[in-house]
Each structure stands twice: as structure tokens, then as C-alpha cells.
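Peer 1:
Residue numbers (my numbering): 447 to 849.
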């Protein structure tokens, strides 16, 4: 039999979809499951955006577009990203992709060489596709630890200690998945000061949650002196306008944009023509729906943090952005006799019908840190209340049996 390549066999996954498959199987069996495992808005795409897509279909916008994206969307995305960051971004420096996720791979492919020891520093815990793509594309993953004591922002001194002559790329994610942590402007200034001493290192700024920042204003490292030219800004339509399935992302860099176009040409040809016109309307049209979604996420954040902090053996810091809560369940694990967060997660799903993700779904557990689970609070108020209540009852009920 022909063999499957080691590269493919070693390719990681996004564990939220693995857990979702477990959830779907339990639902198929008739189980009542409240799911907090998938990080996508639970709102419909705003009506004006849907209408723009319908118009595009009826106007015959069915064919290929330029690999870089339609001019109208590149112009809109340049204005949007620039306004969010206080920058002047040129449309020719913007590339449209089938979601923001492909730009993780395109960036690693464009900044590292395969199998020569080039290193990529990335946040841990973090979006699992970072490590997966680093390994698959022949670079060396170097995790940068996020700690609860620092509100899940890393120590700049630790970043500097991890930079070597082989470092080619540093990945930043703010607001962050899975912790909801934020890199404030003073954090970014400290990071920029370090990276100025290492001019050969690129920066990938994953800022897909830029509009979902609740504590102060959003800040990007690209806006700091000397950082724009070496920063790949990654953003998109998925989280802000509830467009996860439309698959539209945009990335900007004055040097790497032409390389990204080549990668798009070699992989996808182009992003969906209809979706691109929907994204033009998302950016240029009314923002009322996006603001209402943000306000709703903020209210849900406050609700779930308050609820989780009343659960036995559980402590949850208030996340500054995105739509994730990252409670510490170290004591809860002890109370129910769970060896770790993954056993706790599995039992919570099978015994209480509550689906969450464990910290190990986002990278190896950080040394010295406790056990954590992730809730996506992109769910209804009722679901949040009932799900956390089930978790509390699960802990109380099992505590009696192991006491």
C-alpha cells in the first residue's frame, strides 16, 4: 500500500471540533448536552450582509476573483484595519483569504525554511493550529508561557530569553484564545523594545478578536514605531460579524503580501467571490449589529465569571476580551477525584451533559500552573446559567462520594 507522509500523520487538529464530534454523537443518542466548546458567535450574520450576498449571487458574481481578493474588499479592509490601529495601510498590502486561519500557514511558510531548525515562538496555552502548522511546515515550536498570575499575558523577559539566532517568527494573539487575555499597550511596548534588538524576527499579530476588547481600547504592536513593516496583521470577518462559515480573512504586510498572494494562488485560487462582497458590506455598512453582539458578549462575560466563581473548587479571572472564560478547576478536580482537567472535562460531559475543552487541548500544560478548562460564552444566558449550575451540581454530588 502507498504510505501516508509523516508530515500528514503528525498534523495536529483543532480540538474543539474533536469534542464537538463527541457532543454530536451523544446528542444523536438522545442525550441532553449544553455545549460551550465551539468558539463562534451564536448570532445570525446581520441581515444587511446577507442581503449583499444575495445581490452578489443575482448579479452573477460567481467566478474566480484575483487571488489577492477583489479591489473593493482590499480597500475596505485596509481602511478598517488602519482605523482600528491608527495606521495608514495600503490596499495593495492587504490579501484576502478563505478565513484568517490560512495566513498562519502562509506566514510560517514565508518566513521559515523546512527542516533547518528555524524557530517560531508562540503563546501557550494558545490556538492549537499555531503549533500544528509550525511542526507541519518543518520549523521548531518554542512555546511562550502564559500564566494566571500575569492575567495570561506573558513575561517579556521570558520572550527575550527564548529568542535565539534561529528565531524567525513570534506569534502574538490579543485578545487571546483560549484565556481571553489581552496584551495592553505597555505590554506591547515592552515586546517591541525587545524585538527592536532582533531585527531579523518577524511578528504575526493574530488580532481576529480586535473588536471584542472589553477593558480599555484595543492595541496592536503594528502601531508602534518600527513594527509595521515586520508585522503581519491578521484579522477577518468571522468573529466581529458572525461570519465564521463565510470564510473571509484579511492579512496585511507591505513585504509579505505578494508572497501571500502566491500561496493563495497555489492553494485556494481565491476566497469565495460571494463571501467577499458580503464582507465589503460588513465593513462598509451599518455597525449596529456588530456593536450589539459585542455588548451581549460583555454581558455574558460578566454573567459567566460571576457564576463560575460561585462553583465549588473553581476560580475564574475576568477575561479582557474575546468570548472565552478560562476557569481554574484545580481544586474541583481534587474534589471529584479527577486526575486532571481532561478527566474532569470527560466526566463533566458524560455525567452532567456539559461540553467544555480542557487546557491540554491548547498545548502542553504550563509548568507550575493549575488545571483549567475553557468555556466559550458565545451561548445564551439560559445555557450559561444551566450549564454552570450542572457543573456545580456535578462537583457537589461527586464530592460526597470521594470525601
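Built from N, CA and C at the ideal position, the CB exists for glycine as well.
Taking its Cβ as the centre, do 16 or more other Cβ atoms sit within 10 Å of residue 544, making it buried, or is it exposed?
Peer 2: Buried, by the Cβ-count rule.
Peer 1: Who are the Cβ neighbours of residue 532 in its own chain at under 6 Å, not counting the five residues just before and after it?
Peer 2: Result list for residue 532: 669, in chain order.
Peer 1: Which residue's Cα is closest to the Cα of residue 618: 648, 607 and 594?
Peer 2: If we check each option's Cα against that of residue 618, 648 comes out closest.
Peer 1: Roughly how many angstroms lie between the CA atoms of residue 690 and residue 843, to the nearest whole one?
Peer 2: Each residue's Cα considered, the two are about 38 Å apart.
Peer 1: Take residue 711 and list the residues in its own chain whose beta-carbon comes closer than 7 Å to its own, dropping the five residues that flank it on each side.
Peer 2: Cβ neighbours of residue 711 beyond the five flanking positions: 513.
Peer 1: Quick test of the definition: if touching needs 3 or more C-beta pairs under 8 Å, does the region 487-500 touch the region 682-702?
Peer 2: Counting Cβ pairs under 8 Å, three or more are found: they touch.
Peer 1: Take the Cβ of residue 582 as the centre, count every other Cβ of all protein chains shown within 10 Å, and call the residue buried at 16 or more, exposed below.
Peer 2: Buried, since its Cβ has 16 or more Cβ neighbours within 10 Å.
Peer 1: Would you give the residue range spanned by the beta strand (DSSP E) that residue 821 belongs to?
Peer 2: It spans 819-822 - the beta strand (DSSP E) in which residue 821 sits, taken as one unbroken run.
Peer 1: Quick check: residue 579 and residue 550, are their CB atoms within less than 9 Å of each other?
Peer 2: Yes, they are a contact pair.
Peer 1: Write down the C-beta distance between residue 546 and residue 724 rounded to the nearest angstrom, noting that I regard them as a contact closer than 8 Å.
Peer 2: About 16 Å; that fails the 8 Å criterion.
Peer 1: Are the C-beta of residue 581 and some C-beta of chain C separated by less than 9 Å?
Peer 2: Absent from the structure: chain C. Only one protein chain is present.
Peer 1: Comparing C-alpha positions only, which one of 554, 831 and 703 sits nearest to residue 745?
Peer 2: Closest by alpha carbon: 831.
Peer 1: Helix or strand or just coil, what does DSSP make of residue 834?
Peer 2: Correct three-state label for residue 834: helix.
Peer 1: Pairing CB atoms from the region 553-564 with CB atoms from the region 587-595, are three or more of them under 8 Å?
Peer 2: The region 553-564 is not in contact with the region 587-595.
Peer 1: Please report the residue range of the alpha helix (DSSP H) in which residue 677 lies.
Peer 2: Here residue 677 belongs to no alpha helix (DSSP H); instead the beta strand (DSSP E) covers 677-682.
Peer 1: At which residue ranges does the region 544-629 contain complete beta strand (DSSP E) runs of 3 or more residues, listed in the order of the chain?
Peer 2: You should have 565-570, 586-591 and 613-619.
Peer 1: Taking DSSP as the reference, what is the three-state secondary structure of residue 784?
Peer 2: Three-state DSSP puts residue 784 in coil, outside helix and strand.
Peer 1: As a quick exercise: from 449, 624 and 484, pick the residue whose alpha carbon is nearest that of residue 571.
Peer 2: The shortest C-alpha separation from residue 571 is found at 624.
Peer 1: So, with DSSP's three-state summary, where would you put residue 848?
Peer 2: Any reading at residue 848 needs caution, since the residue's pLDDT is 48, under 50, leaving its predicted position unreliable; the model's value is listed next. Residue 848 falls in the helix class under three-state DSSP.
Peer 1: Which two residues bound the contiguous beta strand (DSSP E) that contains residue 695?
Peer 2: Looking at the DSSP string, the run of the beta strand (DSSP E) that includes residue 695 is 695-698.
Peer 1: Determine the contact status of residue 510 and residue 715, defining contact as a CB-CB distance below 9 Å.
Peer 2: It is a contact, given that the beta carbons lie within the stated cut-off.
Peer 1: Report, in whole angstroms, the separation of the C-beta atoms of residue 754 and residue 762, which I expect to be a contact under 8 Å.
Peer 2: Between residue 762 and residue 754 the Cβ distance is about 4 Å, and since that is below 8 Å, they are a contact.
Peer 1: Run the CB neighbour count on residue 448, radius 10 Å, all protein chains shown included, and call it buried at 16 or more, exposed below.
Peer 2: Exposed, because fewer than 16 other Cβ atoms sit within 10 Å of the Cβ of residue 448.
Peer 1: Answer with buried or exposed for residue 508, where buried requires no fewer than 16 other C-beta atoms within 10 angstroms of its C-beta.
Peer 2: By the neighbour-count rule (16 or more Cβ atoms within 10 Å), residue 508 is not buried but exposed.
Peer 1: Indicate whether the contact test is met: 3 or more Cβ pairs, each with one atom in the region 631-638 and one in the region 793-802, closer than 8 Å.
Peer 2: Verdict: no, contact absent.
Peer 1: Only counting the same chain, and skipping five residues up and downstream in sequence, which positions put a Cβ closer than 8 Å to that of residue 534?
Peer 2: Excluding sequence neighbours, residue 534 sits near 528.
Peer 1: Can you give me the start and stop residues for the beta strand (DSSP E) that residue 652 sits inside?
Peer 2: Run containing residue 652: 648-652, per the beta strand (DSSP E) assignment.
Peer 1: Would you call residue 839 buried or exposed, if buried means 16 or more other Cβ atoms sit within 10 Å of its Cβ?
Peer 2: With fewer than 16 other Cβ atoms within 10 Å, it is exposed.
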